[in-house]
Amino acid sequence: MKIFLDTANIDEIRKACSWGIIDGITTNPSLISKENKDFKETVLEICGICKGPISAEVLSLDADEIVKEARQISKWSENIVIKVPLIQDGIKAISILSKEGIKTNATLAFSTNQAILACKAGATYLSPFVGRVDDIGWNGIELIKEIMTVINNYGYKSQVISASIRHPMHVTESAKAGAHVATIPYKVLEQMFKHPLTDIGVQKFLEDWKKVPIKT
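Counting with this note's numbering, you get residues 433 to 648 for the letters of the sequence shown.
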């Protein structure tokens with residue numbers, strides 16, 4: 433399973449990419465707005481740090497305007513993926529963009545039916561929101577499993593990005609469910625390193641090393 437970092441914070445991206453485990457970056461208008469920086473400037477800076485897919489979201493809701501906006505944004509860098517909301521005009525736009533070779537990410541997916549539509553439209557990626565599905569009393573990981581079953585049944589080429597990840601177990605369960613990608617907030621990525629037995633083990637090794645006689 434690939435790991436994308438879900439942030440627009442440049443410091444977080446630089447640090448996470450230095451670990452050598454980040455395959456791409458996803459952003460959205462909310463994440464961009466937190467940085468209080470120009471949209472294009474931020475996206476280009478991210479592209480300069482991470483050479484994997486970089487999702488940048490359109491703001492238009494009309495198909496023609498989505499396509500127009502997507503064509504402009506896609507010219508900024510070859511690794512940009514256009515994030516499009518999973519609405520009727522969004523699917524129409526994805527169908528057009530996919531035929532033009534512009535990579536897309538169908539975002540705000542909350543059902544298997546929506547995922548089927550994104551696959552049929554030729555979306556490069558589709559993003560089911562695991563955490564938000566959990567929030568309304570459904571099971572986000574079960575949704576990932578259902579979508580993966582459909583994709584495997586019919587050989588759809590769209591890759592599933594497990595999104596709205598809230599904690600490390602979401603990552604584990606997404607991997608077990610077969611998601612192609614998990615897009616993970618920086619805080620959750622840091623939590624993935626942590627285990628009390630690791631901390632205890634490191635401390636024990638250091639304490640034991642102090643007892644080793646060293647010739648000078």
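Every residue gets a Cβ at the ideal spot worked out from N, C-alpha and C, and that includes glycine.
Straight-line Cα distance separating residue j from residue i
i, j, result
"residue 574", "residue 580", "10 Å"
"residue 559", "residue 529", "17 Å"
"residue 606", "residue 577", "8 Å"
"residue 437", "residue 645", "45 Å"
"residue 603", "residue 647", "47 Å"
"residue 540", "residue 561", "6 Å"
"residue 485", "residue 441", "16 Å"
"residue 586", "residue 629", "43 Å"
"residue 510", "residue 640", "52 Å"
"residue 454", "residue 434", "8 Å"
"residue 474", "residue 633", "40 Å"
"residue 457", "residue 643", "45 Å"
"residue 622", "residue 554", "34 Å"
"residue 615", "residue 600", "12 Å"
"residue 462", "residue 608", "29 Å"
"residue 627", "residue 638", "17 Å"
"residue 595", "residue 450", "22 Å"
"residue 664", "residue 518", "Because the chain in this structure spans residues 433 to 648, residue 664 falls outside the shown range and cannot be described."
"residue 452", "residue 592", "22 Å"
"residue 499", "residue 625", "40 Å"
Assumed close pair residue i, residue j - CB separation to whole angstroms, cut-off 8 Å
i, j, result
"residue 459", "residue 617", "That pair is no contact at about 12 Å."
"residue 513", "residue 525", "Going by Cβ atoms, the distance from residue 513 to residue 525 rounds to 14 Å, so no, they are not a contact pair."
"residue 482", "residue 445", "6 Å"
"residue 582", "residue 544", "6 Å"
Nearest to residue i (by Cα), restricted to the options the options
i, options, result
"residue 590", "570, 604, 600 and 612", "612"
"residue 487", "494, 493 and 478", "478"
"residue 566", "550, 624 and 597", "597"
"residue 536", "592, 564 and 557", "557"
"residue 549", "571, 521, 467 and 494", "521"
"residue 538", "608, 625, 493 and 637", "493"
"residue 472", "451, 450 and 501", "501"
"residue 571", "542, 619 and 491", "542"
"residue 532", "547, 610, 545 and 507", "507"
"residue 551", "563, 569, 480 and 584", "584"
"residue 546", "523, 527, 636 and 452", "523"
Residue range of the unbroken beta strand (DSSP E) whose run includes residue i
i, result
"residue 489", "486-489"
"residue 646", "From DSSP, residue 646 is part of no beta strand (DSSP E); its letter is neither H nor E."
"residue 438", "434-438"
"residue 615", "613-616"
Residues that residue i bridges to, as DSSP identifies them
i, result
"residue 557", "537 and 591"
"residue 517", "539"
"residue 512", "486"
Terminal residues of the alpha helix (DSSP H) in which residue i lies
i, result
"residue 609", "600-609"
"residue 456", "Taken as a continuous stretch (DSSP letters only), residue 456 belongs to no alpha helix (DSSP H), being part of the beta strand (DSSP E) at 456-458."
"residue 470", "Looking at the DSSP string, residue 470 is not in any alpha helix (DSSP H), and its letter there is neither H nor E."
"residue 497", "495-506"
"residue 574", "572-586"
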